[in-house]
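Sequential numbering from 138 applies to the sequence shown in our numbering.
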Amino acid sequence: MPTAIVTGASSGLGLAIARSLAKHDYAIVANSRSISLDHPSIATIDAQRIAAVPGDIGSPEIAKRVLDEAIAQFGTVDLLVNNAGIFIPKPFDDYTVEDFDVLLRTNVHGFFHLTQHVLRHMAERGRGHVVNITTSLADNPLRAVPSVLPILTKGGLNAATRALSLEYAPLGIRVNAVSPGIIRTPMHSEADHEFLATLHPNGRMGDPEDIAQAVLYLEDAPFVTGEILHVDGGAHNGRW
């Protein structure tokens, strides 16, 4: 039974990814700040195939604990999905140092600490796969959604994905990214959905299951590495 770590797994994209992988017979190690095995969002997953590690993934100690729990419970890690992320849209001049620190801690530190631990483990085994969840705004910023700091932090993962895919290919490890458009999650108020749908050429928001399907595709595509897979209704192609 393959094992996947999914961060930010208590709601939204992470929850959809965790549930989808569990349906495809993966064991899941789920992380978020407040997750637990009796959390309503993951209670539908077979208790024999899921472990929960609560805590801030930006903490080096929590990142190490996530890997240790995966090995203790299931013996190995085959897939890491770096999904945890914070999105704070603001005009650039309105950002505070606190905003920047919060975004860096989750979007960058969380990626760095856990990915470093997991890649060391995968390198010892000679196989594995890392999928980073980034943002389509990194390729096609929108004046209607000013968000330079999320673009800086999540968009940087696109470059890291390409670099790591080359560095780790000789070790049998693939590194890819899914780059979502605006997805229908609790992050966005229903009152904004009609407007947010207009920000995609196909005229709708994405669903969390769209992103989960993209992760499954990449996991089942052994000749694909260094790919930034856009799941955004065509928004990355430019103006429309």
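Quick reminder that beta carbons are idealized off the backbone N, C-alpha and C, glycines included. Bear in mind the structure is a predicted one, so any value in this text is a computation, not a measurement.
Exposure label - residue i; buried when at least 16 CB within 10 Å
i           : result
residue 208 : exposed
residue 254 : buried
residue 141 : buried
residue 375 : exposed
residue 162 : exposed
residue 173 : exposed
residue 280 : exposed
residue 252 : buried
residue 212 : exposed
residue 233 : exposed
residue 345 : buried
residue 235 : exposed
residue 248 : buried
residue 257 : exposed
residue 164 : buried
residue 381 : Coverage of the chain is limited to positions 138 through 377, which leaves residue 381 absent and any answer about it impossible.
residue 336 : buried
residue 333 : buried
Span of the beta strand (DSSP E) around residue i
i           : result
residue 258 : Element bounds for residue 258: not the beta strand (DSSP E) but the alpha helix (DSSP H), 247-262.
residue 165 : 164-169
residue 213 : Looking at the DSSP string, residue 213 is not in any beta strand (DSSP E), and its letter there is neither H nor E.
residue 337 : Careful: residue 337 lies outside any beta strand (DSSP E) and carries neither H nor E.
residue 282 : Unbroken run through residue 282: none, as it is neither H nor E.
residue 265 : 265-270
residue 372 : Neither: residue 372 is in no beta strand (DSSP E) and is coded neither H nor E.
residue 82  : Look at the range of the chain in this structure, 138 to 377, and you will see that residue 82 is not part of it.
residue 223 : Unbroken run through residue 223: none, as it is neither H nor E.
residue 172 : Segment: none, residue 172 is in no beta strand (DSSP E) and carries neither H nor E.
residue 141 : 140-144
Boundaries of the alpha helix (DSSP H) in which residue i is found, first to last residue
i           : result
residue 290 : 285-305
residue 119 : Absent from the structure is residue 119, since the part of the chain shown begins at 138 and ends at 377.
residue 240 : 234-240
Candidates the options, of which the one nearest residue i by Cα
i           : options            : result
residue 214 : 223, 225, 222, 201 : 201
residue 204 : 322, 167, 354, 351 : 167
residue 273 : 170, 211, 366, 360 : 366
residue 193 : 211, 210, 170      : 170
residue 147 : 187, 139, 138      : 187
residue 282 : 248, 318, 364, 182 : 318
residue 227 : 195, 284, 235, 302 : 284
residue 275 : 224, 189, 353      : 224
residue 197 : 250, 185, 299, 301 : 250
residue 130 : 320, 269, 328, 325 : Residue 130 is absent from the model: the chain starts at 138 and stops at 377.
residue 351 : 154, 143, 149      : 154
residue 260 : 244, 159, 199, 301 : 301
residue 245 : 271, 349, 305, 322 : 271
residue 324 : 150, 256, 138      : 150
residue 191 : 322, 179, 305      : 179
residue 152 : 182, 364, 230      : 182
residue 354 : 143, 158, 145      : 158
residue 199 : 231, 334, 144      : 144
residue 363 : 349, 347, 331, 306 : 306
Any C-beta of chain E under 8 Å from that of residue i
i           : result
residue 150 : The structure shown contains no chain E; it is built from a single protein chain.
Contact between the stretch 308-319 and the stretch 255-272 (3+ Cβ pairs under 8 Å):
At 8 Å Cβ cutoff, the stretches touch.
Item to complete: Answer yes if the stretch 357-371 comes into contact with the stretch 331-342, meaning at least three C-beta pairs across the two stretches below 8 Å, and no otherwise.
Response: Touching, per the Cβ criterion.
Note to self: Check whether the stretch 280-295 and the stretch 216-232 touch, using three or more Cβ-Cβ pairs below 8 Å as the test.
What the structure shows: Contact holds between the stretch 280-295 and the stretch 216-232, because three or more Cβ pairs, one in each stretch, are under 8 Å apart.
Stretch-stretch touch, CB-based, cutoff 8 Å, three pairs: the stretch 225-242 with the stretch 273-292
Touching, per the Cβ criterion.
Query raised in the report: If we count Cβ pairs, one from each stretch, closer than 8 Å, do we get three or more for the stretch 357-364 versus the stretch 311-327?
Result: Touching, per the Cβ criterion.
* **Segments of 4+ residues assigned as alpha helix (DSSP H) that fall wholly inside the stretch 307-365** => As far as the stretch 307-365 is concerned, its whole alpha helix (DSSP H) runs of at least 4 residues are 330-334, 345-356.
TODO: Report the residue ranges of all alpha helix (DSSP H) runs contained in full by the stretch 174-207; include only those spanning at least 4 residues, in chain order.
DONE: List check, alpha helix (DSSP H) in window: nothing returned.
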